[in-house]
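Contents: one structure, followed by commentary.
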Amino acid sequence: MKLFNFFFLFNLILFYYSVKCDNIAIINSDITYQSIDGFGGSSAWLGNIPDKGIENIFGKLGLSILRVGIVDLCKNQKWGNYRCIGQEALTAQKASKYGVKIFASPSTSPISFKTNNNEVMGELKEDKYNDYVEYLQSAVDELNKVGVNLYAISLQSEPDFSPSYCSIKWSPKQIAAFLKSYSRKIKGPKIMAPECAHFIPEYNDAILNDPDVAKGVDIIAWHMYGMQLVSQTKAQKMGKSAWMTEKTNDGNDWKSFMETAKDIHDCMTIANYNAYVYFWFKDPKYVSIVDNNYEITSRGYILGQYAKYIRPGYFRINATENPTKNIYVSAYKGNGKVIIVAINIGWPDKNQQFSIKRIKSFTPIITAPNKNMINGTKILVKNGNFNYLLPAMSVVTFVSVN
């Protein structure tokens, strides 16, 4: 009986350690993936965001991308001197002082350009393609007047979608035709397309499978509504960047906030995106990045866990992405630092082991219920390993200190 108990205990210990080893999150900084262009959000229709909001969004949270809208001079709208961009030009002007990348997305065009003579739906008349170039160029020029150099301009926001608000429908063939013969007439910014509501292979193929069309675009962009994430390495191998440029998470609770964290993780690891851009900074219905008083929300702090510490020009590196149930890990390097982001999307708290070479210590930054980007106690890495108790429903960013 004693011999039986000994072997039972011995096997139990072996099983325990085998499970424990299998659950290690291994970080390998020698294997690199995509470069990071940044993390951001949108000021579309929000007008001139006050200085307090600008500082919270781009200073405290460290967002490095701003998406502005391009809106024609619609009825009952007074845009001052800014016919296309409106008061958002002032937001862009203030944001540019933080060194952020600013890009613009049109929702519609002057109605005279469209087949239905309406701001909603319709298609762009083929004989108005040159006029549309001038329309987009005017947005570039208006921003230049206030000292903003637009980083990129999109051909159209959600050309595949059929909404009841300002919009234009573009088929894959129409987008390809514009990119092939007209997009490079726009001077200054990079060209972005197609910005569909979700990944659609027909649009992707129309752009990337024809070399003459592909020459007309610099950034392949998609939104993240009802879509299966698809790796963007095909575009990246052709010298294009790939951005996720719009997603809103419905809800006002921590389950919803953690969905945002998981979205960011998936965009970086599954789709290999170079940038993640949330939609509205301020949303009238759901908790967004800031509240109505431009104070940072829990969702905003979660985005800041990535944006503040993973800076433009960093690279994603190899990491065990899902070491155990409800735990997701991604890692990055740049400017002599290694950054690990670990999220616990469930309950309870979980003790996670990490393995990494050539790093002596980390500072953890935690966002969780009742914690907003709080610095934790310095962690020493011993023999290439460290353990950390990840709080339930949390995002923890580990910043290397050597």
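Numbered according to mature numbering (1 follows the signal peptide of the UniProt record, and there is no 0), the sequence shown spans residues -21 to -1, 1 to 381. Quick reminder that beta carbons are idealized off the backbone N, C-alpha and C, glycines included. The structure presented is a predicted model; accordingly, all values stated were derived computationally and were not measured.
Which residues in the same chain as Met237 place their Cβ atom closer than 6 Å to its Cβ, once the five residues preceding and following it in sequence are excluded? To locate residue 237, count along the sequence shown from 1; it is residue 258. Correct list, in chain order: Ile324, Met372.
Candidates Thr11, Ala4, Tyr182, Leu282, of which the one nearest Tyr311 by Cα: If you number the sequence shown from 1, residue 311 lands on position 332. When only C-alpha atoms are compared, the closest one is Thr11.
Provide the residue(s) that pair with Asn151 in DSSP beta bridges, ordered along the chain. Numbered from 1 along the sequence shown, position 172 holds the residue referred to as residue 151. Strictly speaking, residue 151 in this sequence is Pro, with Asn absent from that position. In DSSP, Pro151 forms no bridge with anything.
For the alpha helix (DSSP H) containing Glu225, list its first residue and its last residue. On the sequence shown, position 246 is the one that residue 225 refers to. Here Glu225 belongs to no alpha helix (DSSP H); instead the beta strand (DSSP E) covers 220 to 225.
Which full runs of the beta strand (DSSP E) of 3+ residues lie inside the segment 247 to 273, going along the chain? 254 to 259
Whole-angstrom distance between Thr239 and Asn228, CA atom to CA atom: Position 249 of the sequence shown holds residue 228. Position 260 of the sequence shown holds residue 239. Distance between the alpha carbons of Asn228 and Thr239 is about 6 Å.
Kindly indicate which three-state DSSP category Leu158 falls into: helix, strand or coil? Translated into the one-based positions of the sequence shown, residue 158 becomes position 179. Leu158 falls in the helix class under three-state DSSP.
Does the Cβ of Leu52 have 16 or more other Cβ atoms within 10 Å, making it buried, or fewer, making it exposed? Residue 52 sits at position 73 when you count from the first residue of the sequence shown. Low per-residue confidence applies at Leu52: pLDDT is 44, beneath 50, and the placement is therefore not dependable, though the value from the model is reported in the following sentence. That one is exposed.
Does the distance from the C-beta atom of Ala176 to that of Lys152 stay below 8 Å? As a first step, residue 176 is located in the sequence shown; it is residue number 197 there, counting from the start. As a first step, residue 152 is located in the sequence shown; it is residue number 173 there, counting from the start. For Ala176 and Lys152, no; Cβs fall outside 8 Å.
First through last residue of the alpha helix (DSSP H) which encompasses Arg278: Residue 278 sits at position 299 when you count from the first residue of the sequence shown. Taken as a continuous stretch (DSSP letters only), the alpha helix (DSSP H) holding Arg278 covers 277 to 286.
Should the segment 299 to 308 be called in touch with the segment 320 to 337, which here means at least 3 C-beta pairs below 8 Å? yes
Please state the DSSP three-state secondary structure of Leu52. Here residue 52 is taken as the residue at index 73 of the sequence shown, counted from 1. Its pLDDT being 44, under 50, Leu52 is placed unreliably by the model, and nothing is read from it.
Out of curiosity, what's the CA-to-CA distance linking Thr346 and Tyr108? As a working note, residue 346 is residue 367 in the sequence shown. As a working note, residue 108 is residue 129 in the sequence shown. Cα to Cα, the separation comes out at about 47 Å.
Judging by CA-CA distance, which residue of Asp328, Gly218, Gln72, Arg163 is the nearest neighbour of Glu113? Looking up residue 113 in the sequence shown gives position 134. It is Arg163 whose Cα lies nearest to the Cα of Glu113.
DSSP on Met237, reduced to helix/strand/coil? Along the sequence shown, one-based indexing puts residue 237 at 258. Helix at Met237.
State whether the segment 15 to 26 contacts the segment 289 to 298, with contact taken as three or more CB pairs (one from each stretch) at a distance under 8 Å. yes
Could you give the distance in angstroms between the alpha-carbon of Pro190 and the alpha-carbon of Lys31? Counted from its first residue, the sequence shown places residue 190 at position 211. Counted from its first residue, the sequence shown places residue 31 at position 52. So the alpha carbons of these two residues sit roughly 46 Å apart.
Grab me the residues of Ser235's own chain with a C-beta within less than 8 Å of its C-beta, minus the 5 sequence neighbours each way, in chain order. In the sequence shown, counting from the first residue as 1, residue 235 sits at position 256. Closer than 8 Å at Cβ, skipping near neighbours: Asn228, Asp229, Tyr265, Val266, Arg278.
From this set, Ser22, Ala68, Thr303, Thr376, which residue's C-alpha is nearest Val125's C-alpha? To locate residue 125, count along the sequence shown from 1; it is residue 146. Out of Ser22, Ala68, Thr303, Thr376, Ala68 has the C-alpha closest to the C-alpha of Val125.
Considering only the alpha carbon of each residue, which of Leu208, Pro302, Tyr273, Thr376 lies closest to Lys316? Sequence index remark: in the sequence shown, residue 316 carries index 337 (1-based). When only C-alpha atoms are compared, the closest one is Thr376.
Residues near Asn96 by beta carbon distance below 7 Å, same chain, minus five either side: Counted from its first residue, the sequence shown places residue 96 at position 117. Cβ within range, chain order: Ile90.
Restricting to Cα atoms, I'd like to know which of Asp197, Ala155, Tyr204 is closest to Glu181. Taking the first residue of the sequence shown as position 1, residue 181 is located at position 202. Looking at the Cα atoms, Ala155 is the closest of the given residues.
Sequence-distant residues of the same chain with beta carbon closer than 7 Å to Lys304, five excluded per side: Mapped onto the sequence shown, residue 304 falls at position 325. Excluding residues within five positions, none has a Cβ falling inside 7 Å.
State the start and end residues of the unbroken beta strand (DSSP E) segment that holds Thr342. Translated into positions along the sequence shown, residue 342 becomes position 363. Its beta strand (DSSP E) spans residues 340 to 347.
Beta-carbon proximity of Phe333 to Ala4, cut-off 8 Å: Residue numbering aside, residue 333 sits at position 354 when the sequence shown is read from its first letter. Residue numbering aside, residue 4 sits at position 25 when the sequence shown is read from its first letter. A contact, by the Cβ cut-off of 8 Å.
Output the boundary residues of the beta strand (DSSP E) element that contains Thr11. The sequence position of residue 11 within the sequence shown is 32, counting from 1. From DSSP, the beta strand (DSSP E) with Thr11 extends over 4 to 14.
Would you say Ser210 and Ala172 are within 8 Å of each other, going by their C-beta atoms? As a first step, residue 210 is located in the sequence shown; it is residue number 231 there, counting from the start. As a first step, residue 172 is located in the sequence shown; it is residue number 193 there, counting from the start. No, the Cβ-Cβ distance between Ser210 and Ala172 is not below 8 Å.
May I ask you to list the residues that DSSP assigns as paired with Tyr311? In the sequence shown, residue 311 corresponds to position 332, counting from 1. Tyr311 pairs with Arg295, Ile318.
Between the CA atoms of Leu134 and Ile183 - distance to the nearest angstrom: As a first step, residue 183 must be located in the sequence shown, where it is residue number 204. As a first step, residue 134 must be located in the sequence shown, where it is residue number 155. Checking the sequence shown, residue 183 turns out to be Asn, not Ile. Computed Cα separation, rounded: 14 Å.
Out of curiosity, what's the CA-to-CA distance linking Tyr255 and Val378? In the sequence shown, the residue the question calls residue 255 occupies position 276. In the sequence shown, the residue the question calls residue 378 occupies position 399. Distance between the alpha carbons of Tyr255 and Val378: 20 Å.
CB of Pro138 within 8 Å of CB of Ile147, strictly: Taking the sequence shown and counting its residues from 1, one reaches residue 138 at position 159. Taking the sequence shown and counting its residues from 1, one reaches residue 147 at position 168. Against a cut-off of 8 Å, the Cβ pair of Ile147 and Pro138 comes out as a contact.
Does DSSP classify Gln331 as helix, strand or coil? As a first step, residue 331 is located in the sequence shown; it is residue number 352 there, counting from the start. Strand.
Kindly indicate which residue of Asp232, Trp222, Ile268 has the alpha-carbon position closest to the one of Cys246. Counted from its first residue, the sequence shown places residue 246 at position 267. Closest by alpha carbon: Trp222.
Can you have a look at Lys361 and say buried or exposed, based on whether 16 or more other CB atoms are within 10 angstroms of its CB? On the sequence shown, position 382 is the one that residue 361 refers to. With fewer than 16 Cβ atoms within 10 Å of its Cβ, Lys361 is classed as exposed.
Do the CB positions of residue 420 and Ala74 come within less than 8 Å of each other? Outside the displayed span of the chain (-21 to 381) sits residue 420, for which this structure offers no information.
Inter-residue Cα distance where the pair is Thr248 and Ser117: Here residue 248 corresponds to residue number 269 of the sequence shown, with the count starting at 1. Here residue 117 corresponds to residue number 138 of the sequence shown, with the count starting at 1. Each residue's alpha carbon lies about 37 Å from the other.
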